[in-house]
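Just below is one structure, and these are the notes that go with it.
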Amino acid sequence: MSDNTRPVRVRFAPSPTGYLHVGGARTAFYNYLYARHMGGQFVLRIEDTDEARSTEESLRMQIGDLEWLGLTWDEGPDAKTLKDMGSHGPYRQSQRKEIYESYALKLIELGKAYYCFLTDAEIEEQRAASLKAGRPPQVDSPYRNWTVAQASERIAKGDKPVVRFKVTDEKRDYVLKDLVRGEVRFPSDMVGDFVLIRSTGMPVYNFCCVIDDHLMHITHVLRAEEHLSNTLRQMMIYEALGWDLPEFGHMSIILGPDKQKLSKRHGATSCFEYSQNGYLPEALLNFIALLGWSSPKAQEILSVADMIAQFSTDRLNPAAAVFDEQKLLWMNATHLRALPHRELWERVEPFLTKANLKLPGDWAWREQALEVFKTSMQTLKDAVELFRPLSREPVDVTAEGKEAMAWETSSKVVSKWKDLVAAHQSDFMTEAQFNEYQEKIKTECEVKGKQLFQPIRVAVIGKPQGAELKVLVPLLHKEILLERASQVLATN
Ligand code: GLU
């Protein structure tokens, strides 16, 4: 076990094969929280040895997602240039091949690993035979005890071996004191001799992970439960190299509402989708933190600063967590409504701009509009449909709108409305002024109820139902109100 007086160093080690998944974001966040809580270092390491699936584009996407979440790292590729920052690089495994090779050679020298020339067909044959005989399908290599000289001769002839780890013959348990799961025992014969370096020269994940965690002085490995089964192999490699283990904590699995492992089937699972759908990074972080961790103060709504202050590994829960979209939406709405209006506007504006809405630019107007709409917003994107009627563009008169305009008194009502707007002294009217005008129309046109309200609504938003006019009208510039009333009258 590691010496707990060492400064905490944790890492997030994504494989760049797509967007950052919410599960990955949670792993990153727990590591980040732990580092920040302990005053330690958070390292970003890129596990890109799967050449077929790892792409630079995915790497940039994942880095973009981490930046959006605000999870800054102390060492690793620089977010902009991707150049290494820190003194334990390179931080991309594809650039560390010589390092892995040198440790593979060391293990071979120590007699803890060997060159193995078994072909895939031979391995398959062994597997089939083992299964038939009811034995676990483990490799039994005839090259296990070859000398390096013997192997070198064959390599010189052009054969390409793998480097295989020699699992101890002695039957015993490897005992992991997992920070989340408590004691986990792995019998040594659970695995057979396993590959460290493929015949292509590419090292495998379990090997790279140990070498890197050791050389990068990682003290705590907080990662997904699915890696628990890798930990035995990793423990064997640590032991063979005479290195101390870091602390390990394997977090709970995340399930969809149907209790199946969370996947695309369940809807949005990438951070990118959440950002595009108008979720706030602080709300997503709050939500994912509580999938497997709980606040000692039993708080549900927490800021990142609260979580840094309260985080500890002993409140990580091994039980599976269910991803509840409704709860996320509620948290998003809660964080959103608590934002100061200036900040809320900054976050909402890109969505409004993307939707091409043409809105007044002054702050007082924005403030008033946010005040009116924020209670109806759960996501930033919800602002688009709420603000759309306020955009300077012609209204689309719906079929029901046309129907209401066909009533005998409707043209008269809208004309009167238009006259009152035209005579209005300032750019905007207040709610009280609007009510007053409505009363005037009622008396002068001798209409009431829907004959009164619906044509005015059509002249403002193109449809007879929906938004409350006393809320909307004060947000609409006099010119827009005039344009719309004229438009509705002209097409009637
Ligand atoms: N590259 C691994 C993954 O993306 C990380 C495993 C680890 O944290 O050890 O799942």
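Each residue of the sequence shown is one higher than the one before, starting from 510 at the first, in the working numbering.
Every residue gets a Cβ at the ideal spot worked out from N, C-alpha and C, and that includes glycine.
| Check | Outcome |
| --- | --- |
| For R824 and M510, the rounded distance between their alpha carbons | With a pLDDT of 45 at M510, under the threshold of 50, the modelled position of this residue cannot be trusted, and the question is left open. |
| Extent of the continuous alpha helix (DSSP H) run through K686 | No alpha helix (DSSP H) contains K686, which is instead part of the beta strand (DSSP E) from D682 to D687. |
| Own chain partners of I632 with C-beta closer than 7 Å, once the 5 adjacent residues on each side are dropped | V648 |
| Inter-residue Cα distance where the pair is W916 and L889 | 39 Å |
| Euclidean distance between Cα positions of E909 and K972 | 7 Å |
| C-beta contact flag for A829 and L764 at 9 Å | yes |
| Burial state of A968, where buried means 16 or more other Cβ atoms lie within 10 Å | buried |
| H736: CB within 8 Å of a non-hydrogen atom of the ligand GLU | yes |
| R518 - DSSP class collapsed to helix/strand/coil | strand |
| Span of the alpha helix (DSSP H), counted from its first residue to its last, around G691 | Per DSSP, G691 belongs to no alpha helix (DSSP H); it is in the beta strand (DSSP E), G691 to P696. |
| Any non-hydrogen atom of the ligand GLU closer than 8 Å to P523 Cβ | yes |
| Per-residue burial, Q743 [other beta carbons within 10 Å of its own, 16 or more giving buried] | buried |
| Distance cut-off 8 Å: Y714 Cβ against heavy atoms of the ligand GLU | yes |
| Beta-bridge pairing of S779 - partner residues as DSSP gives them | H530 |
| Runs of alpha helix (DSSP H) lying entirely within the segment 799 to 851, each at least 4 residues, in chain order | 813 to 819 and 834 to 846 |
| Nearest residue (CA-CA) to K883, options P859, L794, W854 and P712 | W854 |
| Separation of R851 from H844, as counted between CA atoms | 14 Å |
| Strand pairing of V730, partner residues [DSSP] | F757 |
| Reference Y624; option with closest CA among V906, E584 and F674 | F674 |
| Continuous alpha helix (DSSP H) stretch holding R742: start and end | L737 to L750 |
| E692 and L685 closer than 9 Å at C-beta | yes |
| Heavy atom of the ligand GLU within 8 Å of E556 beta-carbon | yes |
| Endpoints, alpha helix (DSSP H) assigned at A913 | A908 to M914 |
| Per-residue burial, S738 [other beta carbons within 10 Å of its own, 16 or more giving buried] | exposed |
| I706, enclosing beta strand (DSSP E) - first and last residue | V704 to I706 |
| Simplified DSSP state of E869, which is helix, strand or coil | Here residue 869 is Pro; the residue named in the question, Glu, does not match the sequence. Note: P869 maps to coil in three-state DSSP. |
| Contact check, Q472 vs W839, beta carbons under 9 Å | The structure shown has nothing for residue 472, since the chain only spans 510 to 1001. |
| Supposed close pair F937, K979 - CB separation, criterion 8 Å | With 8 Å as the limit, F937 and K979 do not qualify as a contact, their Cβ atoms being about 13 Å apart. |
| T564 CB to nearest heavy atom of the ligand GLU below 8 Å | no |
| For D928, three-class secondary structure by DSSP | helix |
| Distance cut-off 8 Å: A534 Cβ against heavy atoms of the ligand GLU | no |
| Nearest-angstrom Cα separation, counted from Q877 out to D928 | 26 Å |
| Any non-hydrogen atom of the ligand GLU within 8 Å of A561 CB | no |
| Same chain, Cβ closer than 6 Å to V906, five either side skipped, listed in chain order | G971 |
| Whole-Å CB distance - G758 paired with L688, under 8 Å assumed | 3 Å |
| Option in D629, E576, P586 and V552 with minimal Cα separation from E565 | P586 |
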